[in-house]
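Down below is the structure, laid out as structure tokens.
The structure is reproduced here in structure tokens:
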């Protein structure tokens with residue numbers, strides 16, 4: 001199967017360095033895994049005759065690839081001449097290759113191919129196809145080992161990760177015998193062979209880039225076609241174009257179009273003849289389409305088109321590496337929805353599990369695009385019209401200055417309907433610029449590029465304004481390209497807008513299945529979007545649930561939510577205490593107090609003070625008795641004192657703080673009042689215990705302490721009962737969870753470290769696991 005191009009660990013951890021430094025194995029022109037390897041033989045060497053056919057069909061391409069004579073390779077002082085005993089930093093130096101025809105496989109980056117007999121003139125690898133130039137050319141560049149196991153990459157001895165370019169060795173190879181590329185693998189790189197090794201060509205140098213890309217483009221196009229046919233033997237030409245045409249190819253660094261495919265057809269037949277299983281590929285519908293149904297009869301069947309290097313894996317037979325080879329991988333299986341969202345973004349053919357989604361015909365798609373564009377034109381035209389004076393019919397009056405409907409330019413707008421306004425500036429988005437000429441609109445323009453959506457909550461006749469709740473179009477969220485052009489998200493934002501700003505209205509359906517077919521000019525809304533954390537939550541139709549029986553201006557759910565949040569952020573006095581950020585505090589409660597540099601201070605509430613003066617009407621202060629931590633005076637403690645971060649001590653020091661510094665309540669008991677200390681501490685990180693009393697939180701000597709009795713520790717009885725109730729609920733949950741733990745499935749089992757660690761928590765039991773490595777799976781079993 002074609003492999004998805006995943007970044008290496010180096011590229012994930014150090015993206016900037018990966019861009020600036022020389023390419024590492026698995027980069028732009030290199031595959032992410034090693035191909036099948038086979039030692040050179042006479043049969044495979046004779047297959048070069050097939051390559052010559054391709055070369056003859058590409059004379060123009062080769063001529064264009066030849067650089068002008070003045071383009072030459074400039075030798076570097078660091079260049080090391082390739083010899084049999086040359087060792088690459090990080091490469092194993094064992095004797096596995098001795099006594100075999102195999103050679104080490106390395107990566108050559110920032111490379112250049114040149115002719116040492118003609119002033120180091122840069123040359124194209126195409127010239128090797130003719131046979132007359134075999135052994136005439138050499139290559140140079142940064143060299144590094146090729147790792148079959150991605151975890152080994154970056155572990156090279158002697159290489160400085162901070163400066164990889166300066167640490168890599170520069171190599172000048174011996175004579176280049178041949179190049180090879182496997183057309184049947186979509187990401188197989190170009191290899192060159194010398195007397196002493198195979199080299200993966202990865203990222204040409206600046207002086208050689210033009211020549212190499214001219215050479216590589218033809219082979220890359222053949223590789224795309226043949227690998228697609230090999231992986232998908234049932235594909236039609238339409239399937240192929242849907243997957244590849246218009247897609248950006250990371251190796252050619254451009255988008256593919258159909259002219260690329262048809263331009264390479266003359267070279268496709270000799271390439272198939274030169275490819276393993278090429279005769280069978282001619283039966284694939286997409287190949288038949290390219291040859292217009294012509295039957296192809298190959299004169300000779302070759303078991304293997306080109307010699308490929310023998311990998312260390314082939315020699316040692318490591319089963320854990322064998323299962324990672326590309327040909328051993330299964331297709332990626334997805335649901336119909338994921339397949340629909342991924343369409344056009346992955347060149348890999350995804351296997352859909354479940355009934356295939358209904359795919360509209362091209363005629364239906366063109367019709368829907370026309371309807372959506374016509375809707376956009378109509379809204380654009382409305383922005384150019386003069387607005388008439390809004391009309392308020394007396395029959396639509398609710399009470400006072402609030403109306404149920406208003407008429408603008410002959411169109412009625414009712415409370416609850418969704419209107420459209422010209423998009424303004426918002427955060428990083430600039431204000432929409434409407435074109436003067438509608439014909440200048442790009443074909444890709446959508447209604448979301450120029451307009452905002454909002455639902456009318458109430459209408460103010462006196463101010464000539466609408467109070468609206470805003471929507472966010474799905475394309476304006478992080479979904480972007482995979483968004484549904486007909487999906488809107490409710491937004492917890494509302495405002496008053498002038499009636500003159502209304503352009504039109506649209507139909508919006510609430511809480512319907514995504515599979516519901518709607519006209520192209522209608523929309524749907526199922527979710528509430530929060531742009532602060534990019535989260536989605538289910539939502540009913542706003543302003544119709546708990547607010548439908550309220551009269552304006554008190555029927556806006558967003559305004560009510562905002563008021564509630566403001567109230568939660570402030571404090572309010574109650575009969576026997578105070579409520580701050582939704583937490584109730586009483587006298588003798590123990591609390592955590594915010595500090596500048598942390599950790600939080602711990603204190604006991606002794607008193608509460610509420611200001612009654614006009615200037616300080618909304619201020620409140622709390623008087624606390626501070627507690628100290630045994631862990632802060634550990635150097636004073638005797639060896640028999642429990643040194644735990646939850647072990648506190650009482651003091652006589654008092655402080656007065658503003659109520660805004662309160663963080664939350666915590667539970668503190670005397671040591672003797674706790675039956676099971678381990679259980680008590682494990683239930684909550686905000687459980688503490690005390691045994692001692694000091695005058696100050698910072699005592700100088702341990703002898704200053706006083707041993708506390710059970711009756712010396714006071715607390716709020718009401719809050720203690722509530723905390724005990726919650727603790728009993730947690731205990732029952734833990735007991736039930738241990739008796740009947742939740743069954744867990746670990747899709748990346750490894751040797752079970754993560755899954756078994758979760759099992760130790762007591763609430764989970766791992767019953768299933770998946771692990772690709774046989775040795776790790778045996779260990780887990």
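Residue numbers (UniProt numbering): 1 to 781. Quick reminder that beta carbons are idealized off the backbone N, C-alpha and C, glycines included. These numbers were taken from a predicted model, which means no experiment stands behind them.
Check: Alpha helix (DSSP H) segment containing residue 788, residue limits; Outcome: In the structure displayed, the chain extends from 1 to 781; residue 788 sits before or after that span and is not available.
Check: Residue(s) in a DSSP beta bridge with residue 798; Outcome: With the chain covering 1 to 781 only, the question about residue 798 has no answer from this structure.
Check: Cβ separation of residue 467 and residue 599, assumed to be a contact under 8 Å, to the nearest whole Å; Outcome: Not really, about 46 Å apart at Cβ, beyond 8 Å.
Check: Per-residue DSSP class, three states only, for residue 457; Outcome: strand
Check: Reduced DSSP category for residue 234 - H, G, I as helix; E, B as strand; rest coil; Outcome: coil
Check: Segment contact, 8 Å Cβ cut-off, at least three pairs: the segment 722-731 with the segment 752-768; Outcome: no
Check: Distance, residue 572 Cα to residue 580 Cα; Outcome: 7 Å
Check: Burial state of residue 743 (16 or more Cβ within 10 Å); Outcome: exposed
Check: Whole alpha helix (DSSP H) elements within the segment 610-689, 4-residue minimum; Outcome: 677-683
Check: Residue 198 CB to nearest heavy atom of the ligand COA below 7 Å; Outcome: Among the components modelled here there is no ligand, and therefore nothing to report on the ligand COA.
Check: Nearest-angstrom Cα separation, counted from residue 268 out to residue 816; Outcome: This structure does not reach residue 816, given that the chain is present from 1 up to 781, and the question cannot be answered.
Check: Coil, strand or helix - residue 730 by DSSP; Outcome: helix
Check: Contact between the segment 702-715 and the segment 664-676 (3+ Cβ pairs under 8 Å); Outcome: yes
Check: Same chain, Cβ closer than 7 Å to residue 763, five either side skipped, listed in chain order; Outcome: 737, 741 and 742
Check: Exposed unless 16 or more other CB atoms sit within 10 angstroms - verdict on residue 701; Outcome: exposed
Check: CB of residue 524 within 8 Å of CB of residue 512, strictly; Outcome: yes
Check: Length of the line joining the Cα atoms of residue 521 and residue 510; Outcome: 15 Å
Check: Counted within 10 angstroms of its Cβ, other Cβ atoms place residue 582 as buried (16 or more) or exposed; Outcome: exposed
Check: Cβ neighbour criterion (16 or more within 10 Å) applied to residue 345; Outcome: exposed
Check: Per DSSP, cross-strand counterpart(s) of residue 590; Outcome: 604 and 666
Check: The segment 649-661 / the segment 617-631 touching (three or more Cβ pairs under 8 Å); Outcome: yes
Check: Helix, strand or coil at residue 366 [DSSP, three-state]; Outcome: helix
Check: Segment contact, 8 Å Cβ cut-off, at least three pairs: the segment 674-694 with the segment 551-571; Outcome: no
Check: Exposure label - residue 185; buried when at least 16 CB within 10 Å; Outcome: buried
Check: Per DSSP, cross-strand counterpart(s) of residue 139; Outcome: 113
Check: Option nearest residue 219 by Cα separation, candidates 260, 207 and 246; Outcome: 260
Check: Residue of 117, 531, 594 and 460 minimising C-alpha distance to residue 428; Outcome: 531
Check: Complete runs of the beta strand (DSSP E) confined to the segment 183-229 [at least 3 residues]; Outcome: 191-193 and 198-204
Check: Top-ranked residue by Cα proximity to residue 731, from 768, 679, 705 and 774; Outcome: 679
Check: As assigned by DSSP and simplified to three states, the class of residue 407; Outcome: strand
Check: Supposed close pair residue 604, residue 585 - CB separation, criterion 8 Å; Outcome: Incorrect: roughly 11 Å between the Cβ atoms, too far for contact.
Check: Cβ separation of residue 654 and residue 606, assumed to be a contact under 8 Å, to the nearest whole Å; Outcome: 7 Å
Check: First through last residue of the beta strand (DSSP E) which encompasses residue 525; Outcome: 523-530
Check: Cut-off 6 Å between Cβ atoms - residues of its own chain near residue 534, not counting five sequence neighbours on either side; Outcome: 478
Check: CA-to-CA distance, residue 413 to residue 419, given in whole angstroms; Outcome: 8 Å
Check: Distance, residue 116 Cα to residue 188 Cα; Outcome: 28 Å
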